[in-house]
Amino acid sequence: MIRKIQFKENSKFTKIIIKNKYIDFYLTKLIKSKRKIYCLVDSKLRYITKKHMNKKNFIAIFVNCGENIKNINTYNQLSNKLLSENIDRESILVAIGGGTLGDLSGFIASTILRGIDFKLIPTTLLSQVDSSIGGKNGINSSFGKNLIGTFYHPSEVIIDANILKTLPKREIKSGYAEIIKHSLIKDLKFFNWLEKNFIELIKLNVRILEKAILRSLMIKLWYVKKDQYEKLSNENSRAMLNFGHTIGHSLETYYKYKSKLNHGEAISIGMITESIISNKLGYLNDNNLNLIINHFKKAKLKIYDKNISKHEIFRNIVKDKKNTFNSINIVLIKKIGKPFFKRNLKIEQIKNILKKI
Ligand SMILES: NC(=O)c1ccc[n+]([C@@H]2O[C@H](COP(=O)([O-])OP(=O)(O)OC[C@H]3O[C@@H](n4cnc5c(N)ncnc54)[C@H](O)[C@@H]3O)[C@@H](O)[C@H]2O)c1
Ligand SMILES: [Zn+2]
């Protein structure tokens, strides 16, 4: 599949290209443009930039990636490195890596010299179907995930499914969790399609994979276009993309962003828990809840964490960005494909439900 999608935000265009085995050709073309290219690269993907290292206008900086790079110290260290290498306002910053590197690089690109051209080459399934689109970037704080960041769109996003062939199964399933989320918040037909095709998808069948990536991106884009800055408070709000994330982020903060749970695993547990909350509050019927739980079980996604009702988890839920004052605002679902924003839930109501899971 070769697909080009272009969208405009604040008079700035983002071009998304989905094309198999395209990265090398793309990088070569970019370097030929003679602009200075600064590449932040996940050190596991060093091989991608190897043949370009001798080019005068190309500098690659390798980063050992994982959730722990999304912090102010790494931000500082990489910005200093770029400045010491004379990055200027005409330079291009390219990130080649997963969502952690993408989030950190986007934040650097938006702040260094008050913002420079930014291009993203996402290399995990999660980043290809989700984090590379939408313009959100950021770093974590000890107060919670992604609490410091900006909205800043890359000018190009290059999605090459072939790069996923070295990705560990655990990370593929992590990305699959965001794909299934997109079906749950928008598209029953897509959910049913995933029921039929998820085994081939997880085996990285390129035809199935590219279809799922494209549909996922289109769902995300639909929400982003409706509500770029997350201002709406109805079912078209970009906040719907946070389904599973109130609980998921609380778990990630609880585990201090260590590898015990990756992002996809945390939000898998989050989606099941938030579906159970939707069901207990009378919004989601048993049949839909069982369909969701059964699919997660078949795909071997995590559905439960033994610390889910710990005091610290509730404390983290209260700190979520979506809340106002002391009441909880959370995305719940009425049925597969129909999410909504539930306002003013009391933490006690959530506690009572979680304690019985
Ligand atoms: N900005 C957004 O809108 C948005 C949306 C969803 C998630 N996120 C963020 O994305 C992050 C998670 O991203 P992620 O799951 O990509 O994590 P990640 O960047 O840590 O990548 C996961 C692991 O895969 C390795 N890796 C990357 N590409 C590889 C490849 N091709 N082959 C082999 N190994 C490879 C990495 O080194 C890392 O060990 C979280 O911080 C989450 O908050 C952001
Ligand atoms: Zn997510």
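Numbering follows my numbering, in which position 76 of the sequence shown is assigned residue number 75; successive positions increment by one, without gaps. Note that beta-carbon positions come from the ideal geometry of N, C-alpha and C, so glycine has one too. All values derive from a computational prediction rather than experimental measurement.
Note down the Cα distance separating residue i from residue j, rounded to an integer number of angstroms.
i, j, result
"Leu187", "Ile335", "6 Å"
"Leu29", "Leu92", "11 Å"
"Leu26", "Ile71", "29 Å"
"Ile95", "Asp41", "6 Å"
"Glu8", "Ile212", "21 Å"
"Glu194", "Ile111", "44 Å"
"Lys144", "Leu331", "20 Å"
"Asn306", "Phe242", "20 Å"
"Lys345", "Leu280", "12 Å"
"Ile47", "Tyr222", "33 Å"
"Ser326", "Val317", "8 Å"
"Asn161", "Ala59", "21 Å"
"Gln127", "Lys219", "11 Å"
"Tyr256", "Lys350", "23 Å"
"Arg34", "Lys210", "34 Å"
"His310", "Gly137", "27 Å"
"Ser360", "Asp23", "This structure does not reach residue 360, given that the chain is present from 0 up to 356, and the question cannot be answered."
"Asp102", "Leu77", "13 Å"
"Gln227", "Leu240", "12 Å"
"His51", "Ile115", "22 Å"
"Glu84", "Ile1", "36 Å"
"Ile16", "Arg206", "16 Å"
"Gly134", "Glu229", "12 Å"
"Glu177", "Arg214", "12 Å"
"Glu234", "Lys333", "11 Å"
"Asp285", "Trp192", "21 Å"
Locate the beta strand (DSSP E) running through residue i, then write down its first and last residues.
i, result
"Ile17", "11 to 18"
"Asp116", "116 to 121"
"Arg279", "The sequence given here places Lys at residue 279; Arg does not occur at that position. Premise fails: Lys279 lies in the alpha helix (DSSP H), 262 to 279, not in any beta strand (DSSP E)."
"Asn145", "143 to 147"
"Arg342", "337 to 344"
"Ala94", "91 to 96"
"Glu8", "1 to 8"
"Leu39", "36 to 41"
"Asn364", "Outside the shown range of the chain, which is 0 to 356, sits residue 364, and nothing can be said about it."
"Asn139", "138 to 140"
Compute the beta-carbon to beta-carbon distance between residue i and residue j, rounded to the nearest angstrom, for a pair I have assumed lies under 8 Å.
i, j, result
"Thr272", "Leu353", "7 Å"
"Ile157", "Tyr21", "6 Å"
"Lys299", "Lys172", "7 Å"
"Asn328", "Phe313", "Not really, about 15 Å apart at Cβ, beyond 8 Å."
"Asn19", "Asp129", "About 19 Å separates the two Cβ atoms, so there is no contact after all."
"Ile36", "Asn53", "That pair is no contact at about 13 Å."
"Pro338", "Ile184", "4 Å"
"Asn315", "Tyr253", "6 Å"
"Gly369", "Leu119", "Because the chain in this structure spans residues 0 to 356, residue 369 falls outside the shown range and cannot be described."
"Ile276", "Ile292", "That pair is no contact at about 13 Å."
Does the distance from the CB of residue i to the CB of residue j come in under 9 Å?
i, j, result
"Val62", "Leu39", "yes"
"Thr13", "Pro121", "no"
"Thr117", "Tyr74", "It should be pointed out that residue 117 corresponds to Phe in this sequence rather than to Thr. Result no, Cβ atoms of Phe117 and Tyr74 do not sit closer than 9 Å."
"Leu250", "Ala265", "yes"
"Thr123", "Glu170", "yes"
"Phe295", "Ser267", "yes"
"Lys297", "Phe197", "yes"
"Ala108", "Tyr175", "no"
"Gly269", "Thr245", "yes"
"Ser141", "Ile147", "no"
"His248", "Asp304", "no"
"Leu260", "Ser274", "no"
"Leu216", "Ile4", "yes"
"Leu163", "Leu203", "yes"
"Lys43", "Thr165", "yes"
"Lys225", "Ser236", "yes"
"Arg113", "Ser232", "no"
"Ala238", "Lys321", "yes"
Go to residue i, then tell me how far its alpha helix (DSSP H) extends in each direction, as first and last residue.
i, result
"Gln227", "No alpha helix (DSSP H) contains Gln227, which DSSP labels as neither H nor E."
"Gln127", "First-last for Gln127: undefined, no H or E at that position."
"Asn72", "71 to 83"
"Ala238", "Taken as a continuous stretch (DSSP letters only), Ala238 belongs to no alpha helix (DSSP H), as it is neither H nor E."
"Ile30", "22 to 31"
"Glu155", "Element bounds for Glu155: not the alpha helix (DSSP H) but the beta strand (DSSP E), 155 to 158."
"Phe197", "187 to 201"
"Phe61", "Unbroken run through Phe61 is the beta strand (DSSP E), 57 to 62; no alpha helix (DSSP H)."
"Asp285", "285 to 297"
"Ser249", "244 to 253"
For residue i, decide whether its Cβ has a neighbour in chain C, counting only Cβ atoms nearer than 9 Å.
i, result
"Asn306", "Any reference to chain C falls outside this structure, which holds one protein chain only."
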